[in-house]
Structure formats: structure tokens, C-alpha cells
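Q: In mature numbering (1 follows the signal peptide of the UniProt record, and there is no 0), the protein residues as written are -19 to -1, 1 to 963.
Glycine included, every Cβ here is placed at the ideal spot set by N, Cα and C.
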Amino acid sequence: MMMLLLTFLIICSSPTVLGQQEESLFEDDVDLADFDLDIAPRRVPRQVKTILTKETKPHIQELSIKTTIISRYAFTAVYCAMLNRHSAAAEGVFSFQIPAGAYVSNFTMIIGGRVYQSEVRPKQKKVKQENGKARNKESGEASPEQELEVFRMSASIPGRNRAVFLLTYEELLQRRLGRYEHVTSLRPLQLVSRLSLDVTIVDHSPITHLQVLPLRNGRSTNSGSSKTQVKKDPPVTSVIKQEKNICKITFGPNIVQQAKITTNGLLGDFVIRYDVQREMGIGDIQVLNGHFVHYFAPKDLPAVPKNVVFVIDTSASMVGTKIRQTKDALFTILKDLRPGDHFNFISFSNKIKVWQPNRLVPVTPLNIRDAKKFIYMMLPTGGTNIDGGIQTGSDLLREYLSSPDAGPNSVSLIIFMTDGRPTVGEIKPTAILGNTRSAVQEKFCIFTIGMGNDVDYRLLDRMALENCGMMRRIPEDADASAMLKGFYDEIGTPLLSDIRINYTEDSVQYVTQHLFTNYFNGSEIVIAGKLTNDSVESLHVQVTASNNDKNIILETDIPLRNRQIETEKHVNAARVAMASGPKTPASGVTHGLGIALGSIAEDFVERVWGFLSVKDGLRSRLRSQTSKEREDHIKQATNLSLTYNFLTPLTNMVVEKPEVLADGTMAPTPTRPPSSGDAVSTVNELPSDAEDEEPQRDNKKSSSQNLSLGNKIGKVERRPDKKSITVSKTSADGDPHFVVEFPMSKLTVCFNINGEPGHILRLVSDHKNSGVTVNGKLIGAPAPPGSHKKQRTYFSTITIVVDLPKRAYIEVTPKKVILDGRDRMVLPCHSTVSVDSGVLSVSIVGKSNVTVTVGGNVMFVILLHQYKNPASYQRDHLGFYIGNSKGLSHQCHGLLGQFLYEEVGLAELPAEADSEPSPVLKVKERSVPVVKKNRRIFSGTQNVDCWFARNNAAKLIDGQYEDYLMSHMFDTGDWPHGTNTA
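1) What does the alpha-carbon distance come out to for the pair R51 and S824?
2) What does the Cβ neighbour count give for D256, buried or exposed, with the cut at 16 atoms within 10 Å?
3) Would you mind working out which of V793, A70, Y150, Y491 sits nearest Y60, comparing C-alpha positions?
4) Quick check: what's the CA-CA separation for L167 versus K213?
5) Using 8 angstroms as the threshold, is the region 508 to 516 in touch with the region 529 to 536, meaning 3 or more CB pairs across them?
6) Considering only residues of the same chain and omitting the five flanking positions on each side of T57, which have a CB-CB separation below 6 angstroms?
7) So, under 8 angstroms CB-CB, I333 and G370 are touching, yes? Tell me the CB distance rounded to an integer number of Å.
8) Which one or two residues does DSSP pair with R197 in a beta bridge?
9) Who are the Cβ neighbours of P249 in its own chain at under 7 angstroms, not counting the five residues just before and after it?
10) Name the one or two DSSP bridge partners that W928 has.
11) Since F719 and L877 are thought to touch, with beta carbons under 8 angstroms apart, how far apart are those beta carbons, to the nearest angstrom?
12) Whole angstroms are fine: how far does the CA of Y848 sit from the CA of E505?
13) Specify the secondary structure class of V557 as computed by DSSP and reduced to three states.
14) Is R402 helix, strand or coil by DSSP?
15) So what does DSSP say about A70, is it helix, strand or coil?
16) Examine the Cβ distances between the region 310 to 326 and the region 477 to 485 and report whether three or more of them are shorter than 8 angstroms.
17) So is N434 buried or exposed if we call it buried at 16+ other beta carbons inside 10 Å?
18) Where does T754 sit, in a helix, a strand or coil, going by DSSP?
19) Name, in chain order, the residues that DSSP records as bridge partners for K797.
20) State the beta-bridge partners of H858 as determined by DSSP.
21) Within its chain, find whatever has a CB closer than 8 angstroms to the CB of T725; leave out the 5 residues flanking it on each side and keep chain order.
22) Enumerate in chain order the residues of its own chain whose CB-to-CB distance from V300 is below 7 angstroms, with the five nearest sequence positions on each side excluded.
23) Per DSSP, which one or two residues make a beta bridge with H949?
24) Using a Cβ-Cβ cutoff of less than 8 angstroms, which residues in the same chain neighbour E518 once the five nearest sequence positions on both sides are dropped?
25) Provide the residue span of the beta strand (DSSP E) that contains G772, from first to last.
26) Among L172, P283, A297, Q372, whose alpha-carbon lies nearest the alpha-carbon of I327?
27) If distances are taken between C-alpha atoms only, which option among S815, V842, H748, K903 comes closest to D955?
28) Which residue marks the beginning of the beta strand (DSSP E) containing V92, and which one marks its end?
29) Quick one: which unbroken beta strand (DSSP E) runs of 3-plus residues sit fully inside the region 213 to 272? Chain order, please.
30) Residues in the same chain with beta-carbon distance under 7 angstroms from S605, minus the five sequence neighbours each way, listed in chain order, please.
31) Quick one: what does DSSP say L176 is sitting in, helix, strand or coil?
32) Check the DSSP bridge columns for E792 and list the partner residues they point to.
33) Got a sec? Which residues, its chain only, sit under 6 angstroms from L785 by beta carbon, not counting five neighbours each side?
34) Give the range of the alpha helix (DSSP H) segment to which F585 is assigned.
35) Reducing DSSP to helix, strand and coil, say where F324 ends up.
36) Determine whether the Cβ of G591 lies closer than 8 angstroms to any Cβ atom of chain D.
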């Protein structure tokens, strides 16, 4: 998926593409006369020159950030080019803050003209214990306690050379207080020669309430703050263009404008808030490539009465600003309580104090006045009895709910706030969690708030997750009063309770969380899943919930094909918007990243599903009560993280670092026989025998990691000895070049398919008989120098779907194999491993090939073409070979399948004047002109003489090229003419 981004990275990092020679870069970064200084031309402020000339670390020439938000799912690509002006090597540190809820999905470095691509691997417990936080930071992780996570990677840059870093991350924007908020951190830690930020928002619904805030410095405010900044103007140089469903925001201060904001490079957060227009009913459902996403955010409903107990830490550490800000927030919250609500206050330190013992009181002027007195008299002293505070609050709320005063459909919750760890009473986190579960009894929710750096955030997070709540962190230097009030505003107006969202049972699978305890005003429920049946016309959706004394039922039938068409139009609009805009020297990189992100966005619905599924797995892991349950959730979340290349708490991101010699130059590439992971001179040639390659440095480490993964996923066998497999010549490999062997006719025929990137081709179709379908997805690449073609296409993904006896599939990419049979597992392609999963079995020869066997009498071999340091025109890709077709029926079809049981003949057309006889191929009573060619197959190890059919195999294949295009990778639809035969 990330190869298109990598292409733009390689191209854009070339000095000639930027319109400069490498030598001129040194001069241009010091001479700032070309920038608009708002003063006399050709004059540079002395202080800016001084700052730049005093820099000893590599200078950031360009920092380009491109974000695409398509239906609230944000893809962000960060491009950073650093220049080492000095003759000696210097360490370049790439550091970028990402939102805490986002996942990094790719990281790439280009140093000295060499590409270093990251790889996501399962995290090993031993590595975590030995290396701790330093390992996490180096692998791009941050402590879960941080509000913003910092991705950090350092590398040595040779003297008078430059490095390029590309980071991509993804997040699903959460709706809070009726707004989505997208935050981009602009903290490069130095002045940047070319700084640009481009954000494109495309939504299925009309965009409303768009707001670009001033740069937000520090961490004193957040999206939930009730206090707003006085200055409302967007940052200088911001350009906002808004249409009905599309918004584009750009920000590009030159180096002097940056210096006017700050000279240390800490510009702050660029914050965008917006919402979309909503209609009453079931919500917005979008369908794309076999997946769906459902956004549900009802409006105009009456508020449900709530029963709330505030449990407030008054230990000695709260003295001073913390207790003052807490009191200010509570005074404000008291004003927002509604007449139908009931409430109480508890303070805890060494002692537990209850404002109104044994009851919750209604909201009346007298009770509000008395509550203010209790809050005012709270004095910090003593230790922190977290367990005592929670137990007292739970007992109070539980007893009230069992009394006749409690409303039947009211929402009950505890808001718990602390600034420390447990020091009094029960201090073991596991015991506190167990006591809390026993006290709550699933009758109400606990929302936890931590203040400062001394809090056990893992304890608060688990306490909230296990009891249908959520946790918020208030940084040490934050405006606690505003953040407390903001958090209360998010949960202070419940509209629905006991929400259940159901879909047609036999039409969906792997649906993310669809049962919710509460829905609060201004928030949003998002659900995603897979569609199991492509031929179903509609999907029935039913929502049931409670609102005060009413039970609400909403249901409708969603026309899937219409929604698929609408979503495709939506995605196309996003691609056009991202690729548009004026091209300037400073925007070339950003323009390229926009095109690349537009390609990635084609699968945004599936990636939303993957993102939410990982989140669900991580939450379920924390809620697990047994070790087996915990391991199952870890396995599920890990496999999904690997599938979508997400850096999560269960994975590490590994990247090879360049070696720089003592004289500041790059170490030469090790001389060894090329492996299947290395680039070679000919695009379609890769060495076939990986046993001849010398061991790589990290083989030992990789082996242990793969063994651990194998032990987790079930019946996995290691087969270190490679077997020779007899494979027919019938194949689709390379650009892609198709070869068909006709043994009975003793002929071999070949043809090319000139497809488009993103097209999905039907290779084999026999789902009504053997149940087997094979589809392949094309990826694009620029043609190599001197080629007559403008671009080439290769197979980036091959999916084998089996419908009999039960539906299962195998998805193969150059990096991993996804097997979804009896169990779902992800296998890395760099290891040698075999897996048997019912009717499907997979055997991987590391970095060489994947053999898939279906039912013992159908076998496919998929060659892995990988490049360690690819040129700009090279792509990791796959080759597809049919090894055994005995289990496929005579009605089999597809670009390859239609020829399995055919016989062909060769004839010659009579020669015309001054010409030789022309050979023609007789296929199904059709005459196809052919010429003699030679093809190399099996990674260039075999030469095949074949008769070549031109013009995209016109007349050779049934129908036209378009008849073999599929809507998605799991499409098993019939041959468009009604049957599998011609």
C-alpha cells in the first residue's frame, strides 16, 4: 500500500526534481533573499541569519505535511528533508508528535541515495523487559500516559549529504461536543526553509462549522475546554477554501514568518474543527470493496436524567493550584446540572468524606448552595485512598439505584479524579480493579481523570474500560479547570442508553463493537464490518435504545450497490481534491504526497474497520479476566496490526540504519550474492534459489521472532528444507506477462495485459463447482529509463477465495500472508513456515514463494519478488503460477482458468505479395494472429518459447479486458455473460 508513497518520496528527494543542483542547496539555505520579508527586498534580518549559521545539527530544508480526511478517517504523510552542511557525519533526529489515538502505518528513510524501509513486527516480551522505554521511543512508540505520542528516529547523515524521512499515520477522528478536531503538531525544533501543511477534508455529508484556530501552544487547552482563546483569527498565511463537501486548508509560513512566531521551532498545534450535516434516522452508512462503516449520531433528543457521584482526591499533593482549579471547575459544573438530575460529592485522602450520606439529592437551589459549601471546605491533607473513594461512591450509587427514587432509564455514573497513586488502604492495582468490578456490578459507569505526572494511568484506564467509561489525562501544566469542565461537558448530557445496533446476521461478519451503554450529546458511534455476500442487494439495519421513559427502535434497509457507487464517487472526489492545486517549487512534494494519499484512500472503509478492530482488541485485552482470554485478544489485535502495518502497543517498527564511516562517508554495500530481497538489474528477474545467499545480520533475531509468532497462531510447522515443486508454465508474472501451456496441443501461448493501477483482475473463476476464485490487484510503477512504456503494472496482492465447504480465503502480498480459515492468522513472508487450516494449507519459503493448496487437488504457487533497496521504477510484486489444476472443473474461467481444458491449433494464413505466411492460433473457432516470442519465467530461471497474442489478448480471451475487472478482492461473481463458459 505504501509503495506509491515511497515512489513520490524517491522522486521528490532528487535534487533535479526540485529544480536545483545539490551544490546550490548549501547556498540557498543560508541566503534568504528570496523570501518575502515584509521589508526592503534582498535584506535578511540579522537575527534569522545568526540562528541559521549557528546551527550545528543537520538543517531541515523542507517539512511538508499532507493530511486527507475522508469521512472522518485521516491519513497523514510527513515528508522531512535534512541537510548536513558539514564535512563530518552528523546525527539527524527525526521527531514528530502524533495524536495519541493515531497509529503509525509506515516509516521510510533515504540516506545517501539508499532506501531504508521499515517493517512492523510483533513485539516480544523479552525485548520489552530488557530495553524498556528507550526501545519504545526508538521504535516510534510513546508512553500511554502522554497526551501526544512522539515518534522519534535518529540516523547518521554523511558529510555534505542529506536524508529524507517519510512518516505516515492514520486516525479516526472522534466527535466531541458536536465537533471533530484535527490537530497537527508543528514543532520541528528549528526554523525550516520550506514549511507547508495541507489538509483536505472530504465528506459524504455537507461540511458545517469549519473553524481554523490560532496556533495552540502548550497543553493548557483541549477540544473540550470551555474557555476559548481571545484571538480567533487563523494563523498567518493560512488559506481556507470551502465547498459543500470539500474543504482545503493550507499553511505555509516562510522562515521569517516562523521566526516572528518563535525562533526555537516550537510553533504549536495547528487545529481544525468542523462538523457535518446530519439527518434524522439510522445514520450514515458507506460501503466499499466488501466492507462497511456506519456513523450514528442522533440529534434533537431530550436529555436523559443522570445520577452522578463526584469522587474527588483531596490528598496533600492536591494543595495549591490543583485544588483551586478543581474547585473552580466543580462550581461551574454545579450550574450545568439539570432539574431531573441527582448528585452527590465524596472527597478522599486518608479519610473518606461524604457530603450527603446514604443518598443522592435532586438538583434544587438549596442543594446547589450546600454543595458549594462542601466544595469550598475541601482541604488537601494526608495520603491517597483510591480504593476507599471508589468503594464509597459505588456503594452510594448502587444503594440509590435500588431505591424507588431512581428513574428506570436514567444514566448513572461516577466521575473520579486523582493526581496520584494509591498510598493508603488497598494499594495493589489488581486488587483495586477487582474490588471495583465487584462494587459496580455492571450497574453504572466510571469515568476517570488523572492530573499531572504522578498518576497510575494504566490503573485509571483499566478502571474506566472495565466499567463502560473512559479516561482523560490532564497534563501537569494544563488549565485543569477548563479541561475538567470540558470533560464533564462531553458526558454531561446523555441522550440514549442501552444502545444496540444489529445488521442482517448472515450478511455481515467481524463487526466491531455494536453494543453501547450510553450515547452522549455531541459524540458519535462508529461501527465497521465485513460483508459476507456480494450478491445481496440490501442490508437490514436496526437500532434499539432507551431515552428516558421511551424505547426507541430505528430500522431500515440499505441498498448496498447504490451505497457502493456513492462511496466510490466520494473517494474519487477526494483523489481529485488532493491532486489539485497550483504547483510551485515548494509544493512539489506536497502535490506528490496528495496523489499518493488519494490512492491509499481507495481502501479507507476497510482501513476504518481494521483501525476499529485493533482498538477493540486492545480494549478487550485490558478487560480480560483470564490469561487465555487475554492471549486470544492479544493474538487477534497483533494479527490485525500486522495486516494493516500499524504500530500499536503490541508491535515494534524495525528499520535498518545506514552505516557511516569515520571519514563521514557511507559504508559500501556489502558484497554478497543477491538475495530474493535485493534489487537486480532486470525488473522481472529475481534469483530463485535463496539457499545460496549469505546470512543477513538480523537472521538470528528474525528467526526467534518468527518462531514466537508461529507458536501463537496455532498449527504451524517449520520446514527449513526447501522442496522442489513441479509447476506448470501457466502463469501471470511480471508486467504482467501471461503464459498459458497447452500440453495436449504441445503449444505455449503468451500475452500481456496492460491494466491500470488499482484494477483487480479475475485470474481463476470456479466458485460454483470447486468453490475456488483467484483475483489479483495491480500496482503501478514508472517505466525504467529507455522503455517504450509510460508505466508498468504488477500484481501487488493476490487473493484466493474458497466457498466450499465453508467460506475461507488467503490474501498474499510481498510482505505477509493472511489466512482466514478456521482461524485468522498473519504470516510474515520473510520466514519459512507451513500452516494447515482445514481445506486450505499454506507453505511459505522465506523471501521466495508461497504455495497454497486447496483440498489436496488444487495448488497455486505465488512467487515473491522483493527489493531491498528499490529503484524508483521497481516495486515489490507477485507472480502467480498454477501448480495443480485437477480439482478445477471444466467450467473454470478467468484470464488463466478459461484455458485449462482447451485445445488449440496453429495454422498459417496464405502469404500476400512480398510477405511471408502469417501464423494464426485457432482457439474456440476464433483465429488469433500470433508471433513467436521468448519469455523468461520462474524469476528468470527458465526460457519459454511461446506464441504471442497482441492487443491485450484480443480474440484470444473470451470477451474484453473490462469483463475481467472485479469490484473488490473478494468478489466471486460469475463471468458477466452468465456462465463460466464462452
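A: Reading off the structure:
1) Within the sequence shown, residue 51 is the residue found at index 70, counting from 1. Within the sequence shown, residue 824 is the residue found at index 843, counting from 1. Checking the sequence, you will find Ile at residue 51 rather than Arg. Rounded to the nearest angstrom, the two C-alpha atoms are 38 angstroms apart.
2) In the sequence shown, the residue the question calls residue 256 occupies position 275. The residue is buried, with at least 16 neighbouring Cβ atoms inside 10 Å.
3) Position 79 of the sequence shown, counting from 1, holds the residue named residue 60. The candidate whose alpha carbon is nearest that of Y60 is Y150.
4) As a position in the sequence shown, residue 167 is number 186, starting the count at 1. As a position in the sequence shown, residue 213 is number 232, starting the count at 1. The straight-line gap from Cα to Cα measures roughly 19 angstroms.
5) Counting Cβ pairs under 8 angstroms, fewer than three are found: no touch.
6) Residue 57 sits at position 76 when you count from the first residue of the sequence shown. Answer for T57: T48, Y150, listed in chain order.
7) One-based indexing of the sequence shown puts residue 333 at position 352. One-based indexing of the sequence shown puts residue 370 at position 389. That pair is a contact at about 6 angstroms.
8) Residue numbering aside, residue 197 sits at position 216 when the sequence shown is read from its first letter. Partner residues in the beta bridge of R197, as assigned by DSSP, are D250.
9) Here residue 249 is taken as the residue at index 268 of the sequence shown, counted from 1. Contrary to the premise, residue 249 reads as Gly rather than Pro in this sequence. Only L167, L196, R197, N198 meet the Cβ criterion.
10) Along the sequence shown, one-based indexing puts residue 928 at 947. DSSP output for W928 lists V730, K913 as bridge partner(s).
11) In the sequence shown, counting from the first residue as 1, residue 719 sits at position 738. In the sequence shown, counting from the first residue as 1, residue 877 sits at position 896. The pair is a contact, with the Cβ atoms about 7 angstroms apart (cut-off 8 angstroms).
12) Stepping through the sequence shown from its first residue, residue 505 is reached at position 524. Stepping through the sequence shown from its first residue, residue 848 is reached at position 867. The straight-line gap from Cα to Cα measures roughly 43 angstroms.
13) Residue 557 sits at position 576 when you count from the first residue of the sequence shown. DSSP places V557 in helix when its eight states are reduced to three.
14) Residue mapping note: residue 402 aligns to position 421 of the sequence shown, counting from 1. Here R402 sits in coil by DSSP.
15) If you number the sequence shown from 1, residue 70 lands on position 89. In this structure, A70 counts as coil in the three-state DSSP scheme.
16) no
17) The count along the sequence shown starts at 1 and reaches residue 434 at position 453. N434 should be labelled exposed.
18) For this step, residue 754 is matched to residue 773 along the sequence shown. Strand at T754.
19) Along the sequence shown, read from residue 1 onward, the residue named residue 797 stands at position 816. DSSP lists P809 as partners of K797.
20) Walking along the sequence shown from the start, residue 858 turns up at place 877. Answer is H846.
21) Residue 725 sits at position 744 when you count from the first residue of the sequence shown. Sequence check: residue 725 is Met here, not Thr. If we look at M725 and ignore the five residues flanking it on each side, its Cβ neighbours are E884.
22) By 1-based counting over the sequence shown, the position of residue 300 is 319. Within its own chain, the residues whose Cβ lies closer than 7 angstroms to the Cβ of V300, once the five positions on either side in sequence are excluded, are P361, listed in chain order.
23) As a first step, residue 949 is located in the sequence shown; it is residue number 968 there, counting from the start. DSSP lists no partner for H949.
24) Residue numbering aside, residue 518 sits at position 537 when the sequence shown is read from its first letter. Closer than 8 angstroms at Cβ, skipping near neighbours: P540, L541, R542.
25) In the sequence shown, counting from the first residue as 1, residue 772 sits at position 791. The sequence given here places Gln at residue 772; Gly does not occur at that position. Unbroken beta strand (DSSP E) run through Q772: 772 to 783.
26) Taking the first residue of the sequence shown as position 1, residue 327 is located at position 346. Per the Cα distances, Q372.
27) By one-based count along the sequence shown, residue 955 stands at place 974. The shortest C-alpha separation from D955 is found at H748.
28) The residue labelled residue 92 in the question sits at position 111 within the sequence shown. Residue identity check: residue 92 is Ile in the sequence provided, not Val. Unbroken beta strand (DSSP E) run through I92: 84 to 92.
29) 220 to 223, 227 to 232, 249 to 257, 265 to 269
30) Taking the sequence shown and counting its residues from 1, the one referred to as residue 605 is at position 624. Here the set comprises R611, H614.
31) Mapped onto the sequence shown, residue 176 falls at position 195. Of the three classes helix, strand and coil, the one that applies to L176 here is strand, per DSSP.
32) Locating residue 792 in the sequence shown gives position 811, counting from the first residue. DSSP output for E792 lists T780, I799 as bridge partner(s).
33) Numbered from 1 along the sequence shown, position 804 holds the residue referred to as residue 785. Contacts found: G752.
34) Here residue 585 is taken as the residue at index 604 of the sequence shown, counted from 1. Its alpha helix (DSSP H) spans residues 585 to 604.
35) Counting from one through the sequence shown, the residue named residue 324 turns up at place 343. Strand.
36) Checking the listed chains, one finds no chain D in this structure; it contains a single protein chain.
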